[in-house]
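First the structure, in the form of structure tokens, and then the observations on it.
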Amino acid sequence: MSFFKFLKKEPPPPSAPGTCDYEELYDGMRAEVLNPSGERLYLGRIRLYAGDKLDVLADPGDYLPRAKYNQPVILRCAPREGKTFSLIGTVGPNDRKFWRVEKLQYPQAPENRSFFRQPIDAEGYVRSTAGGQRFPCKLVDISGGGVRVVTEKLFQLESTFLLESTLLPTEDPFSITCMVKRIKVRPQASANVKKFEYGCQFVDTPPSVQQRLLQVIFILQRRARQDQDRE
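Below, the structure written as structure tokens:
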């Protein structure tokens with residue numbers, strides 16, 4: 001059944017006290033709860049809570065599976081007007097009637113729809129889209145819309161190259177076309193060697209590839225938060 005068929009008007013559940021940090025949300029908004037792989041876990045309605053958390057309630061007569069504490073999820077939210085949007089977070093208290101989703105954040109910045117950049121330590125290769133030799137590169141940070149890489153290969157501003165990299169050992173490698181938007185020369189110990197740092201925008205990225213990329217970035221963000229919590 002289509003997700004948008006669920007957007008019928010029903011009385012919203014009562015709000016919990018406090019002010020939600022996300023102005024786009026409202027009580028009773030429909031939301032799909034997905035796992036990081038994009039598989040639907042259930043469909044429910046939002047109950048606003050204070051700060052960076054909310055409850056997603058089961059529909060009347062439905063019973064939810066129990067979730068693991070700190071389990072990562074994606075919320076795909078459907079407002080009455082406008083496009084659907086996503087939030088990511090982790091599951092807190094939950095039972096058969098609701099899941100509380102905490103540590104909410106946008107996969108991309110809401111003010112300008114430019115994507116957050118996630119620091120990353122990964123190796124890869126770059127190659128001109130016209131073909132030719134592959135050159136090793138290091139990924140510095142990445143987002144759903146672009147990447148920053150360092151390599152000895154010189155590219156021109158506004159030129160394009162193919163980036164090939166495995167961002168997680170458990171994931172298939174990515175092959176994404178990048179357009180150079182910024183160039184910076186990296187100082188090296190040897191005067192005979194130059195390395196270039198490129199700020200790049202992804203171009204012609206298929207939606208399925210971008211969705212998989214966002215899922216990987218979500219996992220990287222979750223691991224970074226877990227490392228911070230342990231410190």
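The opening position of the sequence shown corresponds to residue 1 in my numbering, with each subsequent residue numbered one higher.
By construction, the Cβ of each residue, glycine as well, lies at the ideal position given by its N, Cα and C atoms.
Separation of F98 and S175 (C-alpha to C-alpha, rounded to the nearest whole angstrom) is 39 Å.
Ranked by Cα distance from Y198, the options V180, V209, L57 are led by V180. Look at Q201 here: in three-state DSSP terms it is strand. Straight through space, the alpha carbons of T84 and I217 are spaced by roughly 20 Å.
Residue pairing by DSSP places T151 opposite C137, F196 in a beta bridge. The three-state secondary structure of L167, taken from DSSP, is coil. The alpha carbon of D27 has as its nearest neighbour, out of V33, L57, L34, the alpha carbon of L57. Distance from the CA of A130 to the CA of F161, rounded to the nearest whole angstrom, comes to 8 Å. In the structure shown, R182 falls within a strand segment according to DSSP collapsed to helix, strand and coil. In the structure shown, D227 falls within a helical segment according to DSSP collapsed to helix, strand and coil. Note that the segment 84–94 does not touch the segment 122–139; fewer than 3 beta-carbon pairs, one per stretch, sit closer than 8 Å.
DSSP, reduced to helix, strand and coil, places P72 within a strand of the structure shown. Under the DSSP definition of a beta bridge, I88 partners with I74, Q105.
The beta-carbon separation of Q118 and Q211, rounded to 16 Å, does not stay under the 8 Å limit for a contact. By the criterion of a C-beta distance shorter than 8 Å, K195 is surrounded in its chain by V150, T151, E152, V185, R186, Q188, once the five residues flanking it on both sides are discounted. In this structure, the beta-carbon distance from V147 to L163 falls below 8 Å.
Within the same chain, Cβ atoms closer than 8 Å to the Cβ of V209 are found at F174, I176, the five residues on either side in sequence being excluded. Nearest to L213 by alpha-carbon distance, out of E171, D55, V91, R47, is E171. Within a 10 Å sphere around the beta-carbon of L154 sit fewer than 16 other beta-carbons, which makes this residue exposed. For G92 against Y69, the beta-carbon gap comes to about 7 Å, under 8 Å, which counts as contact.
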